[in-house]
Structure formats: C-alpha cells, structure tokens
Amino acid sequence: MTLAGSKAFIGQPAPNFKTTAVVNGDFKEISLGQFKGKYVVLFFYPLDFTFVCPTEIIAFSDRIAEFKQLDVAVMACSTDSHFSHLAWVNTDRKMGGLGQMNIPILADTNHVISRAYGVLKEDDGIAYRGLFIIDPKGILRQITINDLPVGRSVDETLRLIQA
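Under our numbering, the sequence shown has 125 at position 130, and the numbering climbs by one with no breaks.
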C-alpha cells in the first residue's frame, strides 16, 4: 500500500470534501466544513453489500449516542454510489443489508475523497479501511489505515477521542 497523493497528515488540516450522502434514507449534500466546531470520525470501507463491512458500520451507527455525548459526528465513506448506499440501507440486516442508519454514508464515486485521505486502492478503485479523527478546528489528530479484511473497533475509537 502506498499513500502517494495523500493530503492527510497528522497535525495538519483534514482534506475538505463535499459529496452526496445517504442520511436518514434520503440524499443530502455533506461537506466536512459543516462540522467545524466538533470532532469528526470519518471512516472508509471497501464496498457495499460485503460481509465484514456491515458489522462495523452497524456497530458505529448503533452506538452513535455515545459519540453524540462527546459532541462527535461519525461518517462512513466508500467509493460506491449514493444509489448503492441507499439500496444497502433499504436492505434488511437479516438479508445482509444495513437497515436504518444513524450516521451518514458518503459516496466517493470519483475517488477524490479516498485519494485525498490516502486510502484508495488504485488498482481496484476501492478504499482501504481508514479511520480518521478530526478535531473541532479541522485538524487531523489520528489516522489508522487497515488492510481490507481488518475491521475497526468502536471501543478503541471512543478511547482515542477521549485520550
């Protein structure tokens, strides 16, 4: 894996973005700038309708109250389209879907966001499992990038925010 082209560096401003997301079952434009003044957890996952992805996305969504208590926004992002995200959200969890989500699911179809954050697996056009913690001033405070099969821990993410 290479971080060539990454604009994401600890202690530096997080790369800004604006994209379409699925929020509460609807399409909505979201930008990083609209979250200034609060912590942001932005995490990337490879693909919709896969087996590891829904468990960790659902875990973050189901525990959103814990993040909100800390005034933290949580967003998930992949290179799939917002249409694919919506179909996944509208698929029952028992059938491999996400079901109702309490966090936005960002679409990065042109790979601009995943490339800026250094998580794009160029040869496959999908994102590695990156997790970024951005402080209220928009500064990157934590970066974790895992290989495709390695998920992230909600407990560890909460610990890092409180550290």
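Where a beta carbon is used, it is the ideal one built from N, C-alpha and C, also for glycine.
The beta carbon of PRO8 sits closer than 8 Å to the beta carbons of GLY133, ILE134, LEU135 from its chain, once the five residues preceding and following it are set aside; these are given in chain order. As the crow flies, the alpha-carbon of PHE127 is around 5 Å from that of LEU37. The three-state reading of DSSP puts GLU117 in coil, since its state is none of H, G, I, E or B.
Nearest neighbour of ILE98 by Cα position, chosen from HIS77, TYR123, VAL69, TYR112, turns out to be VAL69. In this model, ASP21 and ALA158 are separated by some 34 Å (Cα to Cα). Between the segment 40 to 51 and the segment 112 to 132 there are three or more inter-stretch CB-CB distances shorter than 8 Å, so the stretches are counted as touching.
A check of alpha carbon separations from CYS72 across LYS13, GLY6, LYS2, SER1 identifies LYS13 as the nearest. In this structure ARG154 is exposed. Its beta-carbon is surrounded by fewer than 16 other beta-carbon atoms within 10 angstroms. Leaving aside the five residues that flank TRP83 on each side, the residues in its chain whose CB is nearer than 7 Å to its CB run, in chain order, ASP43, PHE44, GLY92, LEU93. Under the three-state reduction of DSSP, PRO49 is assigned to helix. Taking C-beta atoms under 8 Å as the contact rule, SER76 and THR104 qualify, at a distance of about 5 Å. DSSP places ARG124 in the strand class (E or B) of the three-state scheme. In the displayed model, LYS89 falls within a helix according to three-state DSSP. Taking a C-beta distance under 8 Å as the contact criterion, ALA16 and ILE100 qualify as a contact pair. Taken atom to atom, the span from the alpha-carbon of ASN19 to that of MET96 is near 7 Å.
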